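Take a look at the structure set out below.
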Amino acid sequence: MRLTGILLAAGRSRRFGADKRLAALPNGEPLVLCCARNLRAALDDVLVVLRPGDAALAEQLAVLDCRVTHNPDAAEGMGASIRHGVGQRPGSDGWLILPADLPLLRTDTVRQVAAALQDWPAVVPVCQGRRGHPVGFSARYREGLLGLGGDEGARRLLEAEPEKVRWLAVDDPGICRDVDTPAALRAALHGQGAGPGGPAAG
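Residues are numbered in the working numbering as their position in the sequence shown, beginning at 1, plus a constant of 61.
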């Protein structure tokens, strides 16, 4: 089964107050590179969706053997970036979609979602009752994902056919520890070693 990891890194970080993607983790690594590295450790094909003009960031991601695409409609929101990413890999058998603000996500969790997607049309990881990412979609959802737009996420696709969704219990709080503000980043990383060798590396 050919799966593609799609890392959504084209947002404007309005709540963060600066370019969240470049926020430094304790080891000095930018947030987006940590997320890309963790995804790439679990999947052979990772596509990072960036904004137009993100040339310097694209060069850094290439070192991690991640493919990069620049979404001309990035300003529309998350739905437009999901649509763009899936549109760049329409022949994949499935896609694991991950926002680029979850530095504590474990690589093993990504592998669990990918494995469950072999048997289910859609997979959502859940930890202690909270749903998180990455969310896996099989090719069954190709047209639905390509029909997304604006800031609309893919939740409505899951809600339309709940019987097709595997709610995968995982022991990984990192699936939902997104960092929308500098304070949230500090709180998420408090006492945790993100980066190589730490929890974020799986």
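We treat Cβ as the ideally placed atom computed from N, Cα and C, and that holds for glycine. Predicted, not measured: the structure shown is a model, and the values here were computed from it.
What are the boundary residues of the beta strand (DSSP E) that residue i is part of?
{"i": "Ser199", "result": "196–199"}
{"i": "Ala183", "result": "183–188"}
{"i": "Gly66", "result": "64–69"}
{"i": "Arg227", "result": "226–230"}
Given residue i, which residues of its chain have a CB within under 7 Å of its CB, disregarding the five upstream and five downstream residues?
{"i": "Val174", "result": "Leu157, Val184, Pro186, Pro195, Gly197, Leu229"}
{"i": "Gln179", "result": "Met62"}
{"i": "Pro133", "result": "Pro113"}
Closer than 6 Å by C-beta to residue i: which residues in its own chain qualify, once you throw out the five before and the five after it? Chain order, please.
{"i": "Cys237", "result": "Arg191, Gly193"}
{"i": "Ala262", "result": "For Ala262, the predicted model reports a pLDDT of 30, less than 50, meaning its position is unreliable; a value from the coordinates is still stated below. Counting only Cβ-Cβ distances below 6 Å, and skipping sequence neighbours, we find nothing."}
{"i": "Gly146", "result": "Ile67, Leu108, Val110"}
{"i": "Asp239", "result": "Asp162, Leu163"}
Less than 7 Å separating the beta-carbons of residue i and residue j?
{"i": "His182", "j": "Leu69", "result": "Correcting the residue type first, residue 182 is Pro in the shown sequence and not His. In this structure, Leu69 does not lie closer than 7 Å to Pro182 by Cβ."}
{"i": "Gly208", "j": "Leu218", "result": "no"}
{"i": "Val93", "j": "Arg101", "result": "no"}
{"i": "Asp241", "j": "Gly138", "result": "no"}
{"i": "Arg112", "j": "Ala141", "result": "no"}
{"i": "Ala97", "j": "Val171", "result": "no"}
Using the beta-carbon count (16 or more within 10 Å), is residue i buried or exposed?
{"i": "Asn88", "result": "exposed"}
{"i": "Asp126", "result": "exposed"}
{"i": "Gly72", "result": "buried"}
{"i": "Ala84", "result": "buried"}
Report all residues from its chain with a CB closer than 8 Å to the CB of residue i; omit the five preceding and five following residues, and keep chain order.
{"i": "Ala200", "result": "Ser153, Asp154, Gly155"}
TODO: Please list the segments of the alpha helix (DSSP H) lying wholly inside the region 68–137, counting only runs of 4 or more residues, in order along the chain.
DONE: Fully enclosed alpha helix (DSSP H) runs of 4 or longer: 92–101, 116–124.
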